[in-house]
Structure formats: structure tokens, C-alpha cells
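*Asks:*
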Amino acid sequence: MSRKFLVALGSAALALSLAACSGGGAGSGDDTSDKKPGDLTIGVSMPTQTSERWIADGNAVKSKLEAKGYKVDLQYAGDDIPTQSQQVDQMITQGADVLVIAAIDGTALSSQLQAAASAKIPVISYDRLIRGSKDVDFYVSFDNYKVGVAQGTALLVGLGLLNKDGSKGTAKGPFNIELFAGSLDDNNTQYFFGGAMDTLKPFVDAGTLKVKSKQTTPEQVATLRWQQETAQKRMENLLTSSYNDGSKVDGVLSPYDGISRGIITALQNAGYGKGAKKLPVVTGQDAEIASIKLINDGVQSSTVFKDTRLLADQAVNAAEAFLQKKEPQANDTKTYNNGVKVVPAYLLPIATVYKDDIKATLIDSGYWTAEEVAAGQAKK
Ligand code: BGC
């Protein structure tokens, strides 16, 4: 190969790598690196206050940034897409220096992100990946595929098909199960459901697990906006359509504690949890306090804990790196393709919580107090 060609290749690569840095990331825009924290504002856009985790996320990000002296504009969008678009638009016009966004619909913010890129504002996608835009600079989240694997595994453990250490359990089945997934417009849903189904499939194929309703596609099992009432309705319909022949549901795959509580209410209203009609094994996610009480009381079987305090730390680290014109530290640069590019990510670990784990994982770490667990309510 000629030397001239190599030089040309080298400068093309340099141009490419510079272009990769210019999506509002380090090295572009107003120089924020010599400004004082008090002169810098971080816009934080959260989806909803109906779920406890987003309140915890919002508060944690805000207080950690404020502790470092930054100004914070925290907004909740009431799970309404136009409201979130409007709030982000406003953050941009009011001169935010960095945006941290947990999107309601992962594809609905492209024009806002374009405006952010034009104004050289770095965008950090928080927990849920924003799709279809090149103007996402960083992603902080948990290992979402592993969340799904943990939920599938927890269903198998709850049914006694596996032991907690992963070895084969003593139960034989067959068991009737039903499947629930989250909102299809949330990029995480495919990872949660995919991880869970990869884990359950061998048992379904072997006939040990039977989805009696035959509803198994993401479209059939999804829950728009992750709503508890929607899940309750669907569980009621499933009980009427598929279990009015005297058969019983033994397990329900649920991706989120709010959905789990809707499912449990439908089951209890149909007489489950009384006498010989045991409640099925129901999984969850987020370690919401109402569900931790249910797990402690033996009503819900498990949840997946994602420590929102650690996620907030990573969002703060990434925001600070961008403000100092540096690249945030990623630990995954392969997994999260948003349809336009692979977004560099920092992914945090997760933990399954059964009744036995409540003390060590949640109380000893200061996430919930023993009193809160007993009451099923967060102390303000
Ligand atoms: C989050 C979950 C949460 C769900 C519903 C997902 O994007 O990753 O933690 O349970 O949204 O709010």
C-alpha cells in the first residue's frame, strides 16, 4: 500500500473520530470548562411521578448536582409525550448546558435533540435509550438484558424449577404461566422481555411451562406506559378467557412492580390467595416500597433492584465530564445501537430480591428502612 494512501486513510480516520466527538459532546460548543458550577444549568427531564423510582431518580440527580454547586431544572412530564417535548424545548431555549433525559417514548424526541445539537448541548440518555437520533452523546443505565434474565430466573426459582444457586430444583411441573411486558415505545422493554424469554424458552419448549392463553408476542403482552390498571385489566381478561375451566395460573412474568401489583389485585379479586387457591409466583422490578412489603408478606415473589442512587452518580459524572469538555467514562461501547449509532454507555449491575434478601440488599444499604418495609410506604 502506498504511503500516500495510508496518510489519506489516517486523516479520514482522524476526521471521523473528530466528527464522533462533535455531537454536542466534549470539545464543542460554548466553553463551559472555565465556568463556575453556579453559572451552569443541567436540565433533567423525567417521565412521570406516578412511579416511585422516577421520583427517586429525579431527586437523586438533582441533589447530587446541587451539592456540587450546579443549577438544576428538573421537570416531570406526566407520561405525556408532547409535555416532555415541550419541557425539553424550554430547557434548550433557557440555555441548559447539559440535558439528562429519561424519555417516555424513545423515538419521540429527535427534533429536540437536533435543537440541542445545534446549540451544542450534550445529551445524556438516562436509563432508557433515546432512539433514532445521532445527537445522543452518552447513555447511563443498568444491564437491561440481565434484568430480563433475572426476571425469567426468578419465575423459575419461585416455581421450584431452579434453586437460587442456579441448580435444578425439585419441582416437575407442568405449570401454567402468563407473560407481561412493558411499554413497547420504551427501548428497555425489548431487553427485559428478550432476556426473560431466552431464559424461559427451554422450559416452554420442554412443556414444563405452558402459556395457557397462548399470548406470547411482545405486541400481545405489552403494557402501554407501564400502567398498573392496564395490567390489572389484562390479567382479569386472561382469567376469564383462559382459566374459567377450573385450571389455575401458577406463575406470571411481570417486568415492573406497578404491573405486578395490578396483576396481583386481579388475581386476589378472583379468589387467589385464599384457602387452597395459592397466589401464583409473580416477578417484578424496581424494589418499590409497596411491592417490598408484598414480598415481605409472601404475596409477590420477587423484584429486581436497580440502585437509582448509583445511576444518579453516573449521570452526574457524565454531565460533569461534558461540562469539563471531557468524554465520560463508558464501560460498554457495543450493546446500545439506537438505530443510528452505537451510544457509549455506562451500565450498572442489578440484584434479584426475594423475601430473604430484603434485609441485606435494601435495608442494610439504606435504600429502605425496616419501618418503611413494614408499612409499605416511603417516609418523606
Ligand atoms: C425502567 C424500569 C421501570 C419502567 C417503568 C423502564 O424504562 O428501566 O426500571 O420499571 O421503565 O417505569
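So in this note's numbering the end of the sequence shown lands on 380, straight run, no missing numbers. All C-beta atoms, glycine included, are put in the ideal place defined by N, C-alpha and C.
1. Would you identify the three-state DSSP class for residue 348, choosing helix, strand or coil?
2. Can you give the Cα-Cα distance for residue 144 and residue 191, rounded to whole angstroms?
3. Restricting to Cα atoms, I'd like to know which of 220, 173, 196 is closest to residue 184.
4. Could you compute how far the alpha carbon of residue 24 sits from the alpha carbon of residue 182?
5. Just to confirm, is the Cβ distance from residue 231 to residue 258 under 9 angstroms?
6. The ligand BGC and residue 302: does any heavy atom of the ligand fall closer than 8 angstroms to the residue's C-beta?
7. Would you tell me roughly how many angstroms separate the C-alpha atoms of residue 325 and residue 253, rounded to the nearest one?
8. Once you ignore the five residues that flank residue 79 on each side, which residues in its own chain have a CB closer than 8 angstroms to its CB?
9. What separation, rounded to the nearest whole angstrom, lies between the Cα atoms of residue 119 and residue 88?
10. Just to confirm, is the Cβ distance from residue 210 to residue 263 under 9 angstroms?
11. Helix, strand or coil, according to DSSP, for residue 124 in the structure here?
12. Assign residue 85 to one of three DSSP states: helix, strand, or coil.
13. Considering only heavy atoms of the ligand BGC, does any lie closer than 8 angstroms to the CB of residue 368?
14. So, do the region 53–66 and the region 109–125 have three or more beta carbon pairs nearer to each other than 8 angstroms?
15. What are the start and end residues of the beta strand (DSSP E) that includes residue 193?
16. Could you check the C-alpha separation between residue 373 and residue 305 for me, to the nearest Å?
17. For the pair the region 288–302 and the region 142–159, tell me if three or more CB-CB distances fall below 8 angstroms.
18. State the Cα-Cα distance for the pair residue 378 and residue 217, rounded to the nearest angstrom.
19. Is the beta carbon of residue 311 closer than 9 angstroms to that of residue 72?
20. Quick check: is any heavy atom of the ligand BGC less than 8 angstroms from the C-beta of residue 338?
21. The ligand BGC heavy atoms versus the CB of residue 51: any closer than 8 angstroms?
22. Cα separation between residue 367 and residue 245?
23. Nearer than 8 angstroms: is that true of the beta carbon of residue 255 relative to any heavy atom of the ligand BGC?
24. When every heavy atom of the ligand COA is checked, does at least one fall within less than 8 angstroms of the C-beta of residue 261?
25. Need the endpoints of the beta strand (DSSP E) that residue 252 sits in, please.
26. Check the DSSP bridge columns for residue 46 and list the partner residues they point to.
27. Rounded C-beta distance between residue 169 and residue 161? I'm assuming under 8 angstroms.
28. Could you pull out every residue in the same chain whose Cβ sits closer than 6 angstroms to the Cβ of residue 314, ignoring the five residues on either side in sequence?
29. Just to confirm the assignment: which complete alpha helix (DSSP H) runs, minimum length 4, are found wholly within the region 98–177?
30. If you drop the 5 nearest sequence neighbours on each side, which residues of the same chain put their C-beta closer than 7 angstroms to that of residue 17?
31. Over what stretch of residues does the alpha helix (DSSP H) that includes residue 305 continue unbroken?
32. Is residue 306 near the ligand BGC, going by C-beta to nearest heavy atom under 8 angstroms?
33. Give the DSSP-derived three-state secondary structure of residue 317 in the structure shown.
34. Per DSSP, which residues does residue 71 bridge with? Please list them.
35. Would you say the beta carbon of residue 182 is closer than 8 angstroms to some non-hydrogen atom of the ligand BGC?
36. Here's a check: name, in chain order, each residue in its chain whose Cβ is nearer than 8 angstroms to the Cβ of residue 205, leaving out the five neighbours to either side.
*Replies:* Per the coordinate set shown:
1. The residue you call residue 348 lines up with position 348 of the sequence shown. Note: residue 348 maps to strand in three-state DSSP.
2. Counting from 1 along the sequence shown, the entry for residue 144 is found at position 144. Counting from 1 along the sequence shown, the entry for residue 191 is found at position 191. Near 6 angstroms, if we compare the C-alpha coordinates of residue 191 and residue 144.
3. Against the sequence shown, residue 184 aligns to sequence position 184. Checking every option, the nearest Cα to that of residue 184 belongs to 220.
4. Counting from 1 along the sequence shown, the entry for residue 24 is found at position 24. Counting from 1 along the sequence shown, the entry for residue 182 is found at position 182. Reliability fails at residue 24, whose pLDDT of 40 lies under 50, so the model's placement of it is uncertain and the value that follows must be treated cautiously. C-alpha separation (whole angstroms): 31 angstroms.
5. Locating residue 231 in the sequence shown gives position 231, counting from the first residue. Locating residue 258 in the sequence shown gives position 258, counting from the first residue. Their beta carbons are under 9 angstroms apart, which means residue 231 touches residue 258 by this criterion.
6. Stepping through the sequence shown from its first residue, residue 302 is reached at position 302. For the ligand BGC, not one heavy atom lies less than 8 angstroms from the Cβ of residue 302.
7. The count along the sequence shown starts at 1 and reaches residue 325 at position 325. The count along the sequence shown starts at 1 and reaches residue 253 at position 253. Approximately 44 angstroms, taken between the alpha carbons.
8. Along the sequence shown, one-based indexing puts residue 79 at 79. Around residue 79: 47, 48, 50, 104, 225.
9. On the sequence shown, position 119 is the one that residue 119 refers to. On the sequence shown, position 88 is the one that residue 88 refers to. Whole-angstrom Cα-Cα distance: 13 angstroms.
10. For the purposes of this step, residue 210 is identified with residue 210 of the sequence shown, where counting begins at 1. For the purposes of this step, residue 263 is identified with residue 263 of the sequence shown, where counting begins at 1. No, they are not a contact pair.
11. As a working mapping, residue 124 is identified with position 124 in the sequence shown. Residue 124: strand per DSSP, three-state reduction.
12. Reading the sequence shown from its first residue, position 85 is the one you call residue 85. Helix at residue 85.
13. Here residue 368 corresponds to residue number 368 of the sequence shown, with the count starting at 1. No, the beta carbon of residue 368 sits no closer than 8 angstroms to any heavy atom of the ligand BGC.
14. The way I'd put it, the region 53–66 doesn't touch the region 109–125; fewer than three beta-carbon pairs between them come closer than 8 angstroms.
15. Within the sequence shown, the letter at position 193 stands for residue 193. Looking at the DSSP string, residue 193 is not in any beta strand (DSSP E); the run it does join, the alpha helix (DSSP H), is 187–205.
16. In the sequence shown, counting from the first residue as 1, residue 373 sits at position 373. In the sequence shown, counting from the first residue as 1, residue 305 sits at position 305. So the alpha carbons of these two residues sit roughly 14 angstroms apart.
17. The region 288–302, when compared against the region 142–159, does touch it at the 8 angstroms Cβ threshold.
18. Along the sequence shown, read from residue 1 onward, the residue named residue 378 stands at position 378. Along the sequence shown, read from residue 1 onward, the residue named residue 217 stands at position 217. Roughly 36 angstroms between the two C-alpha positions.
19. Position 72 of the sequence shown, counted from the first residue, corresponds to residue 72. Position 311 of the sequence shown, counted from the first residue, corresponds to residue 311. The answer is no: Cβ separation not under 9 angstroms.
20. The residue you call residue 338 lines up with position 338 of the sequence shown. No, the Cβ of residue 338 stays beyond 8 angstroms of every heavy atom of the ligand BGC.
21. Taking the sequence shown and counting its residues from 1, the one referred to as residue 51 is at position 51. Yes, the ligand BGC has a heavy atom inside 8 angstroms of this Cβ.
22. Here residue 367 refers to the residue found at position 367 of the sequence shown. Here residue 245 refers to the residue found at position 245 of the sequence shown. So the alpha carbons of these two residues sit roughly 43 angstroms apart.
23. Along the sequence shown, one-based indexing puts residue 255 at 255. For the ligand BGC, at least one heavy atom lies less than 8 angstroms from the Cβ of residue 255.
24. With respect to the ligand COA, the structure shown offers nothing to examine, as its ligands consist of the ligand BGC.
25. For the purposes of this step, residue 252 is identified with residue 252 of the sequence shown, where counting begins at 1. Run containing residue 252: 251–253, per the beta strand (DSSP E) assignment.
26. Numbered from its first residue, the sequence shown carries residue 46 at position 46. DSSP, once it has assigned bridges, lists 76 as partnering residue 46.
27. Counted from its first residue, the sequence shown places residue 169 at position 169. Counted from its first residue, the sequence shown places residue 161 at position 161. Yes, residue 169 and residue 161 are in contact; Cβ-Cβ is about 5 angstroms, under 8 angstroms.
28. As a first step, residue 314 must be located in the sequence shown, where it is residue number 314. For residue 314, where only same-chain residues beyond five positions count, the Cβ hits under 6 angstroms are 140, 346.
29. 110–118, 144–159
30. Translated into positions along the sequence shown, residue 17 becomes position 17. Residue placement at residue 17 is poorly supported in this model, since its pLDDT is 34, which falls under 50; the coordinates are not used for a value here.
31. As a position in the sequence shown, residue 305 is number 305, starting the count at 1. Premise fails: residue 305 lies in the beta strand (DSSP E), 303–305, not in any alpha helix (DSSP H).
32. For this step, residue 306 is matched to residue 306 along the sequence shown. Under cutoff, so the answer is yes.
33. One-based indexing of the sequence shown puts residue 317 at position 317. Three-state result, residue 317: helix.
34. Sequence index remark: in the sequence shown, residue 71 carries index 71 (1-based). Partner(s): 41.
35. By 1-based counting over the sequence shown, the position of residue 182 is 182. Yes, Cβ of residue 182 sits closer than 8 angstroms to a heavy atom of the ligand BGC.
36. Residue mapping note: residue 205 aligns to position 205 of the sequence shown, counting from 1. There are no such residues.
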